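> Sharing a structure here in C-alpha cells format.
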Amino acid sequence: MFKENTETTPAVGEASGGQQPAASNQTSAESNSANSGRELSEAAAPAAEHGAPEASSAVRAVAVALAGWVLPGLGHALLKMWGRALAIFLIVGFLVYLGAGMRGNVFEPGGEDAFARLGYIADAGTGSFYFVARALEVEGSDVSHADGDYGTRLLATAGVLNLLAALHAYEAARGRKA
Amino acid sequence: MVPLHFSHFQSLLLFALIISLAFGTLGRRKPIERVKYAAWSFAMFVLVGIALGWLMYPFSR
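Here it is, written out as C-alpha cells:
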C-alpha cells in the first residue's frame, strides 16, 4: 500500500531545525519512519498544481488514521514508524489489560445517559481492543470498589490515547509533523 | 482473568507512568528528549495528583 522507504535523510522537522547531521542518527527505525511521513508529504507536494494527488494524499492519510484506530499502532507501522507503532500497541494494550483486570466498566452502545454514551465513545477509541476488553472481563465490571472505578478510567484513557495516536499518524501522513 | 488490585497511590503511579511514556513517545522525536519529556510528565502527574489530594483532604469528611 505504501512505498518502501529507502532514503536516509533526516525528516522535515529535523532538517529545518538546524540540527547536526549526527543528531539525526537516533534510531534507524524512527529515522526511517519519519522519512516515510516525509515521502508521503512529498508525494502530496504537487498538490497545489494538481488536485488529484492532494485528494489521494488525503485519502491515504485518512486510511492510515483509520488503520491506527482499528489496531493501535498500525497507522504508524504503515508509515514505518516502528518505534512509535510498538509503543502505542503496547501502551494501549497494557491500559486495556489493566482496565479489564481491575474490572472497569466497558460501556456498551446505546447508553441511557450522556456519561454512558461518552464512555462508550472513549472505549470504542481502542478499536479492536474494545472487544478484547469485553472478552477479558468474563465476570463483568465491578465499580463498587475503587479498583473498578480506576479501571473504567484506564479503559477510557486507552481509547482517547489511541485516538490521539491515530490523529498523530494522520498528521504524519500529511507531512505536517512526525 | 485474575482480578488486579492496586492502592490509590499505586494506581496513580501506574497511570502516570503509562501516560508519560505515551506522551514522550508521541510528543518528541529524539530519544533523549523523549526521556526528558516523559520524566517531566511523570513528575508533574504525581506531584499535581498528590497536591490535589491534599487540597481535597479538608472536604473528605
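As you go down the protein sequences, you meet chains A and B in turn.
Each number in our numbering comes from the position in the first sequence (counting from 1) with 7 added on.
Each number in our numbering comes from the position in the second sequence (counting from 1) with 444 added on.
Virtual Cβ for every residue (Gly too), placed ideally from N, Cα, C.
All values reported here derive from a predicted model rather than from experimental measurement.
1. Do Val-66(A) and Pro-79(A) have their C-beta atoms closer together than 8 Å?
2. Is it buried or exposed for Ala-495(B), if we count other Cβ within 10 angstroms and need 16 for buried?
3. Exposed or buried, Gly-497(B), counting other C-beta atoms within 10 Å across all chains shown (16 or more means buried)?
4. Anything in chain A within Cβ reach of Leu-458(B), meaning under 8 Å, just list it in chain order.
5. Does the beta-carbon of Asp-120(A) have 16 or more other beta-carbons within 10 angstroms, so that it is buried, or is it exposed?
6. Going by beta carbon distance, what residues of the same chain come within less than 6 Å of Asp-2(A), once the five residues before and after it are set aside?
7. Is Lys-480(B) helix, strand or coil when you go by DSSP?
8. Could you give the uninterrupted runs of the alpha helix (DSSP H) lying entirely in the stretch 129-182 of chain A, keeping only those of 4 residues or more?
9. Under a CB-based cut-off of 8 Å, is Phe-450(B) close to chain A?
10. Here's the rule: buried if 16 or more other CB atoms are within 10 angstroms of the residue's CB, otherwise exposed. What is Ile-95(A)?
11. Return the residues of the stretch 143-162 of chain A that lie within a Cβ-Cβ distance of less than 9 Å from chain B, sorted by chain order.
12. Could you check the C-alpha separation between Gly-134(A) and Trp-76(A) for me, to the nearest Å?
13. How should Leu-168(A) be labelled, buried or exposed, when 16 other C-beta atoms within 10 angstroms of its C-beta is the threshold for buried?
14. Quick one: any contact between the stretch 451-470 of chain B and the stretch 111-130 of chain A, if contact means 3 or more CB pairs under 8 Å?
15. With 8 Å set as the bound, which would you pick, yes or no: does the beta-carbon of Ala-172(A) sit closer than that to a beta-carbon of chain B?
16. Starting from Ser-504(B), trace the alpha helix (DSSP H) in both directions and tell me its first and last residue.
17. From the beta carbon of Ala-202(A), is the nearest beta carbon of chain B less than 8 Å away?
18. If we ignore side chains and look at the alpha-carbon of each, how far apart do Gly-166(A) and Tyr-127(A) end up?
19. Could you give the first and the last residue of the continuous alpha helix (DSSP H) run that contains Leu-456(B)?
20. Quick one: Cα of Pro-60(A) to Cα of Leu-448(B), how far?
21. Give the DSSP-derived three-state secondary structure of His-83(A) in the structure shown.
22. Residues in the stretch 463-496 of chain B with C-beta within 8 Å of chain A's C-beta atoms, listed in sequence order?
23. Hey, is Met-500(B)'s beta-carbon within less than 8 Å of any beta-carbon in chain A?
According to the data block:
1. Within the first sequence, numbered from 1, the residue matching residue 66(A) stands at position 59. Within the first sequence, numbered from 1, the residue matching residue 79(A) stands at position 72. No, the pair does not count as a contact, with Cβ atoms beyond the cut-off.
2. Start at 1 with the first residue of the second sequence, and residue 495(B) comes out as number 51. The residue is exposed, with fewer than 16 neighbouring Cβ atoms inside 10 Å.
3. As a position in the second sequence, residue 497(B) is number 53, starting the count at 1. That one is exposed.
4. What you label residue 458(B) is simply residue 14 of the second sequence in a count that begins at 1. Residues of chain A passing the Cβ test: Leu-105.
5. Counting from one through the first sequence, the residue named residue 120(A) turns up at place 113. Exposed is the call here.
6. Given a span of 8 to 185 for chain A in the structure shown, any question on residue 2(A) remains unanswerable.
7. Numbered from 1 along the second sequence, position 36 holds the residue referred to as residue 480(B). Residue state for Lys-480(B) is assigned as helix, using DSSP reduced to three classes.
8. 136-143 and 153-180
9. If you number the second sequence from 1, residue 450(B) lands on position 6. Yes, Phe-450(B) lies at the interface with chain A (some Cβ there is under 8 Å from its Cβ).
10. Here residue 95(A) corresponds to residue number 88 of the first sequence, with the count starting at 1. The residue in question, Ile-95(A), is buried, as its Cβ has 16 or more Cβ neighbours within 10 Å.
11. Leu-143, Glu-144, Val-145, Glu-146, Asp-149, His-152, Ala-153, Asp-154, Tyr-157, Gly-158, Arg-160 and Leu-161
12. As a working note, residue 134(A) is residue 127 in the first sequence. As a working note, residue 76(A) is residue 69 in the first sequence. Answer to the nearest angstrom: the Cα atoms are 5 Å apart.
13. As a working note, residue 168(A) is residue 161 in the first sequence. Leu-168(A) comes out buried.
14. no
15. To locate residue 172(A), count along the first sequence from 1; it is residue 165. Yes, Ala-172(A) counts as interfacial toward chain B.
16. The sequence position of residue 504(B) within the second sequence is 60, counting from 1. Per DSSP, Ser-504(B) belongs to no alpha helix (DSSP H) and is neither H nor E.
17. Look at the range of chain A in this structure, 8 to 185, and you will see that residue 202(A) is not part of it.
18. Working through the first sequence from its first residue, we reach residue 166(A) at position 159. Working through the first sequence from its first residue, we reach residue 127(A) at position 120. Cα to Cα, Gly-166(A) sits roughly 9 Å from Tyr-127(A).
19. Position 12 of the second sequence, counted from the first residue, corresponds to residue 456(B). It spans 452-471 - the alpha helix (DSSP H) in which Leu-456(B) sits, taken as one unbroken run.
20. Reading the first sequence from its first residue, position 53 is the one you call residue 60(A). Reading the second sequence from its first residue, position 4 is the one you call residue 448(B). Going by the C-alpha atoms only, they are around 50 Å apart.
21. Working through the first sequence from its first residue, we reach residue 83(A) at position 76. Correct three-state label for His-83(A): helix.
22. Ile-463, Leu-465, Ala-466, Thr-469, Leu-470, Arg-473, Lys-474 and Pro-475
23. Here residue 500(B) refers to the residue found at position 56 of the second sequence. False, the Cβ-Cβ gap to chain A never drops below 8 Å.
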